[in-house]
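Novice:
Residue numbers (the UniProt record's numbering): 1 to 387.
1) Alpha carbon to alpha carbon, how far is residue 51 from residue 103? Give it in angstroms, no decimals.
2) Does the region 87–95 come close enough to the region 31–50 that 3 or more CB-CB pairs lie under 8 Å?
3) Could you give the first and the last residue of the continuous beta strand (DSSP E) run that contains residue 218?
4) Determine contact between the region 230–239 and the region 197–206, defined as no fewer than three beta-carbon pairs at a distance below 8 Å.
5) Between which two residues does the beta strand (DSSP E) carrying residue 106 extend?
6) Do the region 270–277 and the region 248–257 meet, that is, are 3 or more Cβ pairs less than 8 Å apart?
7) Using the Cβ count rule (16 or more neighbours within 10 Å means buried), how would you classify residue 99?
8) Note the first and the last residue of the continuous beta strand (DSSP E) segment covering residue 113.
9) Alpha carbon to alpha carbon, how far is residue 238 from residue 209? Give it in angstroms, no decimals.
10) With a CB to CB cut of under 8 Å and the five nearest residues on each side skipped, what residues in its chain are close to residue 126?
11) Does the region 146–163 touch the region 63–74, meaning 3 or more C-beta pairs lie closer than 8 Å?
12) Short of 6 Å in beta carbon distance, which residues of its chain neighbour residue 169, apart from the five on each side in sequence? Order them along the chain.
13) Could you tell me how far apart the beta carbons of residue 112 and residue 132 are, in whole angstroms, since I believe they sit closer than 8 Å?
14) Whole beta strand (DSSP E) runs in the region 113–182 with 3 or more residues, listed along the chain?
15) With contact counted as at least three CB pairs below 8 Å, one residue from each stretch, are the region 55–65 and the region 113–121 in contact?
16) In this structure, what does DSSP give as the bridge partners for residue 99?
17) Hey, how far is the Cα of residue 242 from the Cα of residue 167?
18) With DSSP run on the structure shown, which of helix, strand or coil describes residue 201?
19) Sorted by chain position, which residues of the same chain lie with C-beta nearer than 6 Å to residue 31's C-beta, five sequence neighbours on each side aside?
See the structure below:
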């Protein structure tokens with residue numbers, strides 16, 4: 001049976017059309033509309049390759065969401081939130097997004113696809129379309145090499161630059177950073193809402209929390225806030241619902257964000273979209289044991305890989321008090337929402353995806369090199385090191 005293919009001339013025309021389209025605002029009626037098949041497999045949404053599989057998967061997702069919401073647990077994983085934001089980003093640009101449509105992918109084997117979530121389960125379906133991977137958990141280098149023999153992976157993405165450095169130097173050109181856009185309509189400017197909390201303390205410390213970090217980081221921060229007569233609420237990562245987080249963000253003047261490292265950091269970026277200045281612990285030390293085992297040479301991670309002077313202030317354990325006083329004095333001058341609108345909006349996220357996806361219409365296109373892909377501040381914060 002003849003397999004539909006995309007000729008080189010057609011591929012060139014598609015890329016040219018997309019390049020021209022970036023110079024104007026895309027709307028639903030825009031003539032440049034691409035069908036984008038996205039595939040996701042994870043805890044939230046399963047990829048089922050059989051008749052009725054899409055409907056069954058959606059039903060399972062809704063039931064899981066409702067069940068976890070009733071239990072007071074996080075109803076959705078970060079990977080799935082990122083995936084939903086990606087799909088919305090592409091729809092905002094006017095593209096036709098279909099999810100887990102195996103029939104379409106197999107009928108059009110030259111049509112590029114996007115893969116997200118957990119890659120090994122998706123590899124077992126044997127799709128041969130040129131593919132871009134992300135957002136999701138990038139497998140370790142050895143596992144990824146085996147998966148490449150099952151899939152035509154043209155681009156593998158990380159949410160920011162620094163985690164690419166966990167891979168061997170000779171393979172890093174196979175990866176590209178690709179952030180997921182923040183829904184700035186869902187997270188509007190909340191700076192004008194009544195405030196009853198000075199500082200929302202978002203505690204996502206994951207290693208040595210009950211030992212070293214309690215002594216040299218967490219308790220000193222509590223003491224600093226109390227000594228200055230500030231009202232504050234401490235929120236433990238994973239022990240709140242989205243509605244609870246939104247409510248606390250709306251009632252807070254600033255966010256104190258504590259975690260060892262992030263590949264993107266949707267929570268602090270949602271707060272920035274709501275115009276909360278962020279005081280961020282950014283020690284620059286790789287702590288995750290699984291990542292330390294992969295690292296070759298000095299990898300310097302970041303807790304806030306997308307951040308500049310409009311967003312707030314970073315601090316380290318050695319200068320907590322000095323930096324907090326600087327941050328609190330400058331609080332009225334920060335404009336974090338402006339940064340998100342300029343660099344991390346849904347539209348910006350969709351444009352970044354399309355810059356990597358559109359060249360895949362030409363099967364011979366090489367995987368993009370690592371360049372021109374993240375805001376300058378993120379690059380400078382991560383090039384010498386790195387979630």
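Just so it is clear, CB atoms sit at the ideal spot from N, CA and C, and this is done for glycine as well.
Specialist: From the atom records:
1) Rounded to the nearest angstrom, the two C-alpha atoms are 9 Å apart.
2) Contact between the region 31–50 and the region 87–95 is present: 3 or more CB-CB pairs across the two stretches fall below 8 Å.
3) Run containing residue 218: none; DSSP gives neither H nor E here.
4) Yes, they touch.
5) Taken as a continuous stretch (DSSP letters only), residue 106 belongs to no beta strand (DSSP E), being part of the alpha helix (DSSP H) at 102–107.
6) Output reads yes: the region 248–257 touches the region 270–277.
7) Label assigned to residue 99: buried.
8) DSSP places residue 113 inside the beta strand (DSSP E), whose first and last residues are 113–118.
9) It is roughly 15 Å from the alpha-carbon of residue 209 to the alpha-carbon of residue 238.
10) Excluding residues up to 5 positions away in sequence, 150 lie with their Cβ nearer than 8 Å to the Cβ of residue 126 in the same chain.
11) No: the two stretches stay apart, fewer than three of their Cβ pairs being nearer than 8 Å.
12) Closer than 6 Å at Cβ, skipping near neighbours: no residue.
13) Yes, they are in contact, since the Cβ atoms of residue 112 and residue 132 sit about 7 Å apart, within 8 Å.
14) Listed in chain order, they are 113–118, 130–137, 152–158, 175–177.
15) Taking one beta carbon from each stretch, the region 55–65 and the region 113–121 have fewer than 3 pairs nearer than 8 Å; the two do not touch.
16) Under the DSSP definition of a beta bridge, residue 99 partners with 38.
17) The alpha-carbon atoms of residue 242 and residue 167 are separated by roughly 33 Å.
18) Of the three classes helix, strand and coil, the one that applies to residue 201 here is strand, per DSSP.
19) At residue 31 the pLDDT is 42, less than 50, meaning the model places this residue with poor confidence; the figure from the coordinates comes in the next sentence. Contacts found: none.
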